[in-house]
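Notes follow the structure.
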Amino acid sequence: MSLAKPDATDISNKQKIALGIGVIGLFIMAIALLNTNFPNKGLFLSLALGLITAGTVWYSREAYLTKLEGIKNNGVWFKSISSRGVWGWIVGVILTVFYIVLYFYPQYLGLGKDGAPNTGLIALFDPLSNLLSGRNASQWFVYGTLYTIAILAFGYKFILKYRHNRYQQLRTISVMFFQLGFAFLIPEFMYVMNNDLPYYDLKSVWPLNYYIFDEWSVKGFLSNGNIGLALIIFGILSIFVITPILTYKYGKRWYCSWVCGCGGLAETAGDSFRQLSSKKLYAWRIERWLIHAVLVFSVVMTTAMVYTYLGYDSNDFWLTRGVFISLVIGFLTVIFTGVMIFKRRELGKDAKYGAIGFFVVIALLLVMHFTGTTEQLFYVKSGSLRSVYGIYIGSIFSGVIGTGFYPILGSRAWCRFGCPMAAILGFQQRLFSKFRITTNGGQCISCGNCSTYCEMGIDVRAYAQKGENIVRSSCVGCGICSAVCPRGVLKLENDSMNGRINPTEILLGNDVDLMDLVNQK
Amino acid sequence: MEHVVIIGNGISGVTLARHVRKLSDKKITIISAETDYFFSRTALMYIYMGHMKFEHTQPYENWFWKKNRINLVKAYVKRIDTDSKQLILDSHEPITYDKLVIATGSKPNKFGWPGQDLEGVMGMYHKQDLENLETHAPNNNVCKRAVIVGGGLIGIELAEMLVSRSIPVTFLVRESSFWNGVLPEGESAMINRHIESHHIDLRLSTNLKEIKADENGHVKSVIIEETGEELACDVVGLTAGVSPNVDFIKSSKIEIGRGVKVNRYLETNIPDVYAIGDCAEQHEAIGNRRPIEAVWYTGRMMGETLAQTLCGNRRMYNPGHWFNSAKFLDIEYQTYGWVFGVRGRPDYEQHFHWKHNDDTKCITIAYHKDTNKFLGINTFGIRMRHETFDRWLTEERDVDYVVNHLSEANFDPEFYKQHEKEILFAYTNQLQTA
């Protein structure tokens, strides 16, 4: 390609000032990180968070309200930050380092060990934490606060960017609400009401919150009377009842792009990076193997974990190891047989891989049951499976790579390649859901905007130009493909299951006889 | 093994190649002088605007062609010898064909304006045009003003492109209102206002007289026919339509009119030579269509049809109901069936027009004034469902039915405000007052 990369259009002076204001906010935190002891922490924390928010809000207003409503992707591939340029890499490195420190070296953020008072950045957040729950901040509180601010401020930006599109606005208001309320405030208030309860973000569903069935978690719930019991029952209902019903009616988007916190961050702060996801065929091949491998891992890990602690106080409770493992195997078998009986044809070649996956899980569980002792599972210490999952999947994959690599891999790398929850919802969306993206007859001009701006790396155009509806397990229903389409070709819909998948050879608009002849299979 | 050679790697030629491959094992070769691989011409504008990179406009990854055994040759065809069934190329040895398909598309019109070949004067059709624009209008320091000549679909796209880089644009339109040869006046007037709201200097009923050069043979200014006004500019975009790209065929025995003359089977006067897409000219127009249809969709349909013929199932090119779409800056446009502007409108065609008071949405429904039969719809700023209108046109619904059932055809994203009630109200009112 002989086209040189043109200069990005300069931002306006007002935008530069707005950017400066935001950077001052970040700078205050940077100073705190270097262990500066601020005299009035409450004031400086408010100042830092306030400046970041104000800067983002003002910047967004200048960026979008000065222009007419419409698609605002001018210069996306010219800007360094959004096209894997120098700024993209710098931001990527900073984010990655932040996540590594957060997960593995919180002492550098100033976390006080063994009751020692916090210092540095975490101490800066103590006043807010005390205000909400009456305890000092932890690294997770700092992270939660920044995460929430990011979703709120960039959510505002996103709403302005799509101010002609109510689907985008409502969806964004929804993720902002769920982040602020469910992930941030409610758990703090729950702590105030009952400080023995484990942290529980009500909207977070297993296997995304893989820790909900940890021993300490389950014990924490069960030792807290009816509220605790209700919460854990809600957790189980979420997986087996609420999720399937909503996904059947609306597709996995009800969760992934309306409720989920990871999705919320990707759709707001990550929006500038959505075009960086790879649409290549090989990326899709990696995706299928990786995400399902994580799912298998999480199922086996969770089962093993519960199995472990059922081991040592079994006899006074009906749920023994034997019963539990039978329940799990029974449940998986019911699902597997159901799919094979009713959906065998839709799966095509993938049925083989599904069967392999199923038998691998069953085999692993049986091996575990017959070789396991109270101390060891799979001949290793019983807790180590859980900690390996926590470190490699929970921290490194979802956090360090998932978010740290936003400017390199796009905003949904975790959702696409790793999230086991997305895998389950996607499986259901592909086979048992009314959701699809409808293609508008023969109107596609193969321009590629839809594929380019798909954060999940779906080659939307490949379907649209064939006049075929998009029914893909990975689609999170963000609706951006539909928004950026210049010809009104794509529409997210919930409709009947019949004719949902409609491959065609000859598109609408050609000779009717020819279409009938060639398209009937 | 029969060798199918296709000249041109645009949507027509590539669709043909794909379908021939699905239906047969024939040897397929595509020759193009423009690019190595197929790309979406309609998306060129988005590269300049920074929405996409060139690679994003390629609908198939580069391995696709080899995997499907479609040979790609990058060369320019200098001469076609239909007697020996040979193509003479500029940078490649001659290629012999069994079946030849000409799918060379269009080239921008130039009407003999003085200065039309100067540096900085360009059309916006080929990838080379885009590269040319990038050279002459990388930003508003190098290009202080651009003048666009010709108010059609490519003209307004070029205007949008330049505006995306904050380059001031003067838009010379010969007609008294934008694209009113095609659009009814209410719609055309709304687009005029929309163009101006983007700070584009729209000059209606204005013609180009000549383009002046500076001492380096580069564009310096244009002179306007009507007023004699001289406008300083650094780029001139010539977007007064396109015509078939067939000059290289003139030396052959293949019959040429404005395009390559074909019958309804897309066959030329020479056996085993066919033409599809923008460059094909029907002996007689099909229905209300033009003999030369320079539209993405029709190119694709001709490719789909000819593939059947080449693979033993001889089919007429028999397109269904007319449809098309475009985008005017921020306003999307779709059309189904026939709605005529003032020019060429049949006597029996009557219109119902509704416009939203935000001035970015409107529809026009055409119907037969005696029978009330629904003839077609233009819709701006509201997406509508192709399938529904295609069915209604086949079922020959009347205009009452269409207006009353309009919500069934709505294709806007979920939660969008719906306007069908308002439209029905306007429709009922209009009938009462008429």
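Read top to bottom, the protein sequences are chains A and B. Going by the numbering used here, the first residue of the first sequence is number 1228, and it counts up by one from there. Going by the numbering used here, the first residue of the second sequence is number 5, and it counts up by one from there. We treat Cβ as the ideally placed atom computed from N, Cα and C, and that holds for glycine.
| Check | Outcome |
| --- | --- |
| Considering S16(B), what are the terminal residues of the alpha helix (DSSP H) in which it resides? | 15 to 27 |
| Less than 7 angstroms between C-beta atoms, sequence neighbours within five positions excluded: which residues of the same chain meet that for E308(B)? | T19, H23 |
| Unbroken alpha helix (DSSP H) runs of length 4 or more, entirely within the region 265 to 348 of chain B: which are they? | 300 to 314 |
| Who are the Cβ neighbours of M1228(A) in its own chain at under 8 angstroms, not counting the five residues just before and after it? | In this prediction, M1228(A) has a pLDDT of 39, which is less than 50 and means its spatial position is unreliable; nothing more can be read from the coordinates. |
| Where does the unbroken beta strand (DSSP E) through E1602(A) begin, and where does it stop? | Where E1602(A) is concerned, there is no enclosing beta strand (DSSP E), given that its DSSP letter is neither H nor E. |
| Please return the same chain residues whose Cβ sits closer than 6 angstroms to the Cβ of I1728(A), not counting the five positions on each side in sequence. | V1698 |
| Figure out for me which residue from L1719(A), L1492(A), L1652(A), I1672(A) has the closest Cα to the Cα of Y1375(A). | Note on residue identity: the sequence assigns Thr, not Tyr, to residue 1375(A). When each option's Cα is compared against that of T1375(A), the closest is L1492(A). |
| Can you tell me whether DSSP reads N1746(A) as helix, strand or coil? | helix |
| Measure the alpha-carbon distance for K331(B) versus T1564(A) and round it to whole angstroms. | 49 angstroms |
| Would you list the residues sitting across from L91(B) in a DSSP beta bridge? | I84(B), I99(B) |
| Would you mind stating whether S247(B) and N136(B) have Cβ atoms separated by less than 9 angstroms? | no |
| Please report the distance separating the alpha-carbon of G1282(A) from that of L162(B). | 34 angstroms |
| Could you compute how far the alpha carbon of R1639(A) sits from the alpha carbon of I1664(A)? | 19 angstroms |
| Please report the straight-line C-alpha distance between T1630(A) and R83(B), rounded to a whole angstrom. | 57 angstroms |
| Which same chain residues end up closer than 7 angstroms to N66(B) when comparing Cβ atoms and leaving out the 5 residues on each side of it in sequence? | Y41 |
| Less than 9 angstroms between the beta carbons of T364(B) and G385(B), yes or no? | yes |
| Taking only beta-carbon atoms, is K1243(A) less than 9 angstroms away from chain B? | no |
| Thinking C-beta only, is I228(B) closer than 9 angstroms to R207(B)? | yes |
| How far does the alpha helix (DSSP H) with C1489(A) in it extend, from its first residue to its last? | 1488 to 1494 |
| Could you give the first and the last residue of the continuous beta strand (DSSP E) run that contains T392(B)? | Where T392(B) is concerned, there is no enclosing beta strand (DSSP E), although the alpha helix (DSSP H) it sits in stretches over 390 to 398. |
| Would you mind listing the beta strand (DSSP E) stretches within the region 210 to 255 of chain B that are 3+ residues and don't spill past its ends, in chain order? | 212 to 217, 223 to 228, 234 to 236, 239 to 242, 246 to 248 |
| Taking the CB atoms as reference points, tell me whether T1679(A) and Q1502(A) lie closer together than 9 angstroms. | yes |
| Between Q1670(A) and chain B, is there a C-beta pair that is closer than 9 angstroms? | yes |
| From this set, G291(B), V153(B), R401(B), Y420(B), which residue's C-alpha is nearest F182(B)'s C-alpha? | V153(B) |
| Interface residues of chain A around A47(B) at Cβ under 7 angstroms? | C1674, G1675 |
| Quick one: does S1638(A) have its CB under 9 angstroms from some CB of chain B? | no |
| Among the residues of its own chain, which have a CB less than 8 angstroms from the CB of L93(B), if the five just before and after it don't count? | I35, V77, A79, Y80, V81, K82, I99 |
| What are the start and end residues of the alpha helix (DSSP H) that includes Q132(B)? | 131 to 140 |
| Select from V1561(A), E1442(A), G1575(A), G1584(A) the residue whose C-alpha is nearest the C-alpha of Y1534(A). | E1442(A) |
| Only counting the same chain, and skipping five residues up and downstream in sequence, which positions put a Cβ closer than 7 angstroms to that of N143(B)? | R169 |
| Does the distance from the C-beta atom of E191(B) to that of N382(B) stay below 9 angstroms? | yes |
| Going along the chain, which residues of its own chain have a beta-carbon closer than 7 angstroms to the beta-carbon of I1413(A), five neighbours each way excluded? | L1429 |
| Among N1392(A), I1635(A), F1254(A), I1255(A), whose alpha-carbon lies nearest the alpha-carbon of A1710(A)? | N1392(A) |
| With a threshold of 8 angstroms on Cβ separation, who are the neighbours of A193(B) within its own chain once the five nearest residues in sequence on each side are excluded? | S181 |
| In angstroms with no decimal places, state the Cα-to-Cα distance between S1754(A) and N13(B). | Any answer about residue 1754(A) is impossible in this case: the structure gives chain A only from 1228 up to 1748. |
| Can you give me the start and stop residues for the beta strand (DSSP E) that Q354(B) sits inside? | 353 to 359 |
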